[in-house]
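Numbering (this note's numbering), first residue to last: 1 to 257.
Yeah, the Cβ is synthetic: ideal placement off N, Cα and C, and Gly gets one too.
Since this is a predicted model, take the numbers as computed values, not measurements.
Report on one structure; see the data block that follows.
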Ligand SMILES: [Cu+2]
């Protein structure tokens, strides 16, 4: 059996980011979440404007990288043959990552990590405002049936999860080109194993790329908190007074851990 040639600590788009990528802490994710709550999240959950969350994550989540530029555009296809453009997702916060289903190592862990994030999001009113998007970097092997079955097998809820692949007429490397636009680097060996880094990208409701969460060791609650700030961002400027209800469910979610 060939060993995977994962270049886990490299392949990240941020030159300034040097954190390790590993699987060890993932196994203790519950503990990490609890630790993040103790050190990272303001108690009472009253204060979570985007600026405050951003400042909190910059100091307490070492795998968080703030970004603010237009997200690379895409036109791709779902397993059911539906065309999806990034513009179609306008109005929703998009949590996007690149994986391929035959990955023997970190892609399944990445999918499971995002499934945990999705479960937290979907336990709240954010469920209708957030879309999770997996993009395969191996369109020739990841056929519609494979795409459809992968998410549920790793705990992802099809309610607000899409697994995208190349559309008719696109080159086979279209999704890998997209991944490169998101800062990834790839090499594809003869046995089809791709070397790649692990990054979760967050795109706001207006299609701007707002953050990367690097590797597998970030605290899921920190990604949820950031996504929550983005879902509230525009409304909050206009309805500062109406935040009580949202605060209470976020506090409740945090109290689960
Ligand atoms: Cu992988």
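Inter-residue CB distance, residue i and residue j (contact presumed, cutoff 8 Å)
| i | j | result |
| --- | --- | --- |
| residue 223 | residue 110 | In fact, because the Cβ distance is near 12 Å, the residues do not count as touching under 8 Å. |
| residue 64 | residue 211 | 6 Å |
| residue 86 | residue 66 | About 20 Å separates the two Cβ atoms, so there is no contact after all. |
| residue 96 | residue 201 | 5 Å |
| residue 171 | residue 78 | Not really, about 19 Å apart at Cβ, beyond 8 Å. |
| residue 69 | residue 208 | 7 Å |
| residue 147 | residue 132 | Not quite, the Cβ-Cβ distance comes to about 14 Å (not below 8 Å), so this is no contact. |
| residue 141 | residue 102 | 6 Å |
| residue 197 | residue 184 | 6 Å |
Residue i - containing beta strand (DSSP E), residue span
| i | result |
| --- | --- |
| residue 70 | 64–70 |
| residue 86 | Taken as a continuous stretch (DSSP letters only), residue 86 belongs to no beta strand (DSSP E), as it is neither H nor E. |
| residue 211 | 208–214 |
| residue 77 | 75–78 |
| residue 201 | 199–203 |
| residue 163 | 161–165 |
| residue 171 | Careful: residue 171 lies outside any beta strand (DSSP E) and carries neither H nor E. |
| residue 136 | 130–136 |
| residue 98 | 93–99 |
Closer than 7 Å: residue i CB and nearest ligand 3 heavy atom
| i | result |
| --- | --- |
| residue 63 | Ligands in the displayed structure: ligand 1; ligand 3 is not one of them. |
Beta-carbon spacing of residue i, residue j below 8 Å
| i | j | result |
| --- | --- | --- |
| residue 100 | residue 75 | no |
| residue 186 | residue 195 | yes |
| residue 93 | residue 191 | no |
| residue 261 | residue 149 | Residue 261 lies beyond the stretch modelled for the chain, which goes from 1 to 257, so this question has no answer here. |
| residue 226 | residue 57 | yes |
| residue 144 | residue 152 | no |
| residue 167 | residue 48 | no |
| residue 112 | residue 155 | yes |
| residue 106 | residue 220 | no |
| residue 164 | residue 53 | no |
| residue 126 | residue 231 | yes |
| residue 51 | residue 218 | no |
Any C-beta of chain B under 8 Å from that of residue i
| i | result |
| --- | --- |
| residue 118 | The question asks about chain B, but that chain is absent: this structure has only one protein chain. |
Endpoints, the alpha helix (DSSP H) within which residue i is located
| i | result |
| --- | --- |
| residue 175 | 174–181 |
| residue 59 | 50–60 |
| residue 110 | 106–122 |
| residue 147 | 144–153 |
Beta carbon nearer than 5 Å to a non-hydrogen atom of ligand 1: Every residue passing the under-5 Å Cβ criterion appears here: 103, 106, 107.
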